[in-house]
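Undergrad: In my numbering, the protein residues as written are 197 to 564.
Quick one: structure below, then a few questions.
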Amino acid sequence: MAAMKILLTGTRAPVTRDLAAAFAARGHEVHGADSLAAASTTRTLNSFTLHAPPAQRFDAFARDAQALVDRLQPDLILPLCEDIFYWTKASQGWPLFAPDLKALIQLHSKFEFVVLADCLGLPVPQTRRLSPGEDAEPGDWVYKPEYSRFGRRLVIQPRQAQALARDPKNPWLRQAWIPGEDVCFHAIARDGALRAFAAYRSSWRTRGGASYYFDPLEPELAQRLEAMAARLAAALNLTGQFACDLRHDPDGRLWLIECNPRATSGLHLLAHDPGALSDAFTGGGDSILRSDGRATCIGPAMWLYGLRPGRYRPWRTDLRRARNVFAGVTCAAVLDTMGFSLRAALAGRNLQDFLTADMECNRDLTCT
Numbered sequence: 197m198a199a200m201k202i203l204l205t206g207t208r209a210p211v212t213r214d215l216a217a218a219f220a221a222r223g224h225e226v227h228g229a230d231s232l233a234a235a236s237t238t239r240t241l242n243s244f245t246l247h248a249p250p251a252q253r254f255d256a257f258a259r260d261a262q263a264l265v266d267r268l269q270p271d272l273i274l275p276l277c278e279d280i281f282y283w284t285k286a287s288q289g290w291p292l293f294a295p296d297l298k299a300l301i302q303l304h305s306k307f308e309f310v311v312l313a314d315c316l317g318l319p320v321p322q323t324r325r326l327s328p329g330e331d332a333e334p335g336d337w338v339y340k341p342e343y344s345r346f347g348r349r350l351v352i353q354p355r356q357a358q359a360l361a362r363d364p365k366n367p368w369l370r371q372a373w374i375p376g377e378d379v380c381f382h383a384i385a386r387d388g389a390l391r392a393f394a395a396y397r398s399s400w401r402t403r404g405g406a407s408y409y410f411d412p413l414e415p416e417l418a419q420r421l422e423a424m425a426a427r428l429a430a431a432l433n434l435t436g437q438f439a440c441d442l443r444h445d446p447d448g449r450l451w452l453i454e455c456n457p458r459a460t461s462g463l464h465l466l467a468h469d470p471g472a473l474s475d476a477f478t479g480g481g482d483s484i485l486r487s488d489g490r491a492t493c494i495g496p497a498m499w500l501y502g503l504r505p506g507r508y509r510p511w512r513t514d515l516r517r518a519r520n521v522f523a524g525v526t527c528a529a530v531l532d533t534m535g536f537s538l539r540a541a542l543a544g545r546n547l548q549d550f551l552t553a554d555m556e557c558n559r560d561l562t563c564t
């Protein structure tokens, strides 16, 4: 395959490092763009361009994006964060590795995704939109906004009635609480067929719910998740990345909970074969790349969030057996974290909110 010019966007994401290495392994030229620069990831790119924040200044972002595409003339544009919604909305026939905006929103909506999965015969919890003025009631329910991330604003099994903050563009949902273990998968699809897949669990998460340790599932369970992913990809004739959160209940049943139609950190589990990872996106070959069984972690996050009283022994064991995606650039990653933390504090936000506020999609963009 001839060398391609590839544009990665949302390059603050740690997966930038693995993807840049994968594409370079096949001789491709890799450029990056984002509204926030991270030294630990941008140093892996041939060039990096700052653009306006898409969620806050969409018109300016669209102009910046068009100018960048005109200048670079990329063969492939691969958004890595929720900027995917804004790149897709702004697209003027650009070569995006993504489905159309309607399909993106269908997957991103925690209600529409459940409806889709149910129509495909995949198990999902009972879910409904709350009516205006309806609040959380006590019981085995989970309340969450239709568009959200990292487990933010979740109300889980409330013991008493609780008022919910209203946003007419982002309604609340009520979903049946499913006991069991959280499991996840990350998939890459092209023309409705899976090209890469990894299923994993994580016992290391931030208080907001974001994972920073990714432990591959045992093969039998992973195969069951892969069958679900294949059905979703085929139903939408999907080209793009998508990741799902599930619950594995005490009876062994799997329940689809929600979907992220973008890159997630589960992609790190596919970086053991850089050439095959590149091919999953560019079309070189039809085989399915799967995890090699080794855990991966976000090293700085393991130190920042994981090292807690009473957890030292499992922390040390898990850290030793995992591949650190920031190996070799730990200092740059730590400096990034310190710099972003300072900017977040000055803005009156926590770090996770600061890192996503400029590109979050908290509404149905097809309606505007």
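Virtual Cβ for every residue (Gly too), placed ideally from N, Cα, C.
Just so it is clear, the structure is predicted and the values come from calculations on it, not from any experiment.
Go ahead and pull the three-state DSSP assignment for Gln252.
TA: coil
Undergrad: If you reduce the DSSP assignment to three classes, tell me which class Tyr343 lands in.
TA: coil
Undergrad: Hey, how far is the Cα of Arg325 from the Cα of Thr460?
TA: Rounded to whole angstroms, Arg325 and Thr460 show a C-alpha spacing of 26 Å.
Undergrad: For Arg420, tell me which candidate among Gly335, Gln288, Trp451 has the shortest Cα-Cα distance.
TA: Comparing Cα-Cα distances from Arg420 to each of Gly335, Gln288, Trp451, the minimum goes to Trp451.
Undergrad: Can you give me the start and stop residues for the alpha helix (DSSP H) that Ser487 sits inside?
TA: Judged by DSSP secondary structure, Ser487 falls outside any alpha helix (DSSP H); it is assigned neither H nor E.
Undergrad: Near Asp378, which residues of its chain fall below 6 Å by C-beta distance, leaving aside the five closest residues on each side in sequence?
TA: Non-local beta-carbon contacts of Asp378 in its own chain, meaning distances under 6 Å to residues more than five positions away in sequence, are absent.
Undergrad: Give me whichever residues DSSP pairs with Asn456 in a beta bridge.
TA: Ala439
Undergrad: For the 8 Å Cβ check, are there 3 or more pairs between the region 367-381 and the region 391-399?
TA: yes
Undergrad: Among Leu434, Ala491, Phe477, which one has its Cα closest to the Cα of Ala518?
TA: Ala491
Undergrad: For Leu503, which of Pro249, Ala234, Tyr408 has the nearest alpha-carbon?
TA: Tyr408
Undergrad: So is Leu246 buried or exposed if we call it buried at 16+ other beta carbons inside 10 Å?
TA: exposed
Undergrad: Going along the chain, which residues of its own chain have a beta-carbon closer than 7 Å to the beta-carbon of Asn242, five neighbours each way excluded?
TA: Glu225, Val226, His227
Undergrad: Straight-line CA distance for Pro457 to Lys298?
TA: Rounded to whole angstroms, Pro457 to Lys298 spans 12 Å at the Cα level.
Undergrad: With a floor of 4 residues, list each alpha helix (DSSP H) that falls wholly inside the region 483-552, ordered by position along the chain.
TA: 508-517, 526-542, 547-552
Undergrad: Three-state secondary structure (DSSP) at Lys285?
TA: helix
Undergrad: Where Pro341 and Pro354 are concerned, what is the direct C-alpha to C-alpha distance, given to the nearest angstrom?
TA: 15 Å
Undergrad: Let me know the secondary structure DSSP gives Arg167 once reduced to three states.
TA: Look at the range of the chain in this structure, 197 to 564, and you will see that residue 167 is not part of it.
Undergrad: Whose CA, out of Gly479, Ala385, Met424, Trp511, lies closest to the CA of Leu463?
TA: Ala385
Undergrad: Is DSSP giving Asp314 helix, strand or coil here?
TA: In the structure shown, Asp314 sits in a helix (DSSP, three-state: H, G or I).
Undergrad: Judging by CA-CA distance, which residue of Asp255, Ala256, Gln269 is the nearest neighbour of Leu204?
TA: Gln269
Undergrad: Specify, as a first and last residue, the run of the alpha helix (DSSP H) that Thr212 falls within.
TA: 211-221
Undergrad: Going by DSSP, which residues form a beta bridge with Ser407?
TA: Arg401
Undergrad: Gly471 lies in the alpha helix (DSSP H); which residues open and close that run?
TA: Annotation for Gly471: the continuous alpha helix (DSSP H) segment containing it runs 470-478.
Undergrad: Could you check how far apart the C-beta atoms of Ala429 and Ala476 are, in whole angstroms? I think they sit under 8 Å.
TA: That belief does not hold up - the Cβ atoms of Ala429 and Ala476 are roughly 12 Å apart, past 8 Å.
Undergrad: Taking C-beta to C-beta, are Leu303 and Phe281 nearer than 7 Å?
TA: no
Undergrad: Between which two residues does the beta strand (DSSP E) carrying Ile202 extend?
TA: Where Ile202 is concerned, the enclosing beta strand (DSSP E) stretches over 201-205.
Undergrad: Looking at Ala372: is its Cβ nearer than 7 Å to the Cβ of Pro321?
TA: yes
Undergrad: Excluding the five sequence neighbours on either side, which residues of its own chain have a C-beta within less than 6 Å of the C-beta of His468, listed in chain order?
TA: Asp488
Undergrad: So if DSSP puts Ile352 in a beta bridge, which residue, or which two residues, is it bridged to?
TA: Val338
Undergrad: Quickly, what does DSSP pair Trp368 with across the bridge? List them, please.
TA: Pro341
Undergrad: So what's Ala234 in DSSP terms, helix, strand or just coil?
TA: coil
Undergrad: Hey, how far is the Cα of Phe438 from the Cα of Pro295?
TA: 10 Å
Undergrad: If you reduce the DSSP assignment to three classes, tell me which class Ile273 lands in.
TA: strand
Undergrad: For Pro319, which residues in the same chain have their Cβ closer than 6 Å to its Cβ, ignoring the five residues on either side in sequence?
TA: The residues are Trp451.
Undergrad: Cys557 and Tyr343 look like a contact to me (Cβ under 8 Å); what is the Cβ gap, rounded to whole Å?
TA: 6 Å
Undergrad: Output yes or no for whether 7 Å exceeds the beta carbon distance between Gly388 and Leu434.
TA: In this structure, Leu434 lies closer than 7 Å to Gly388 by Cβ.
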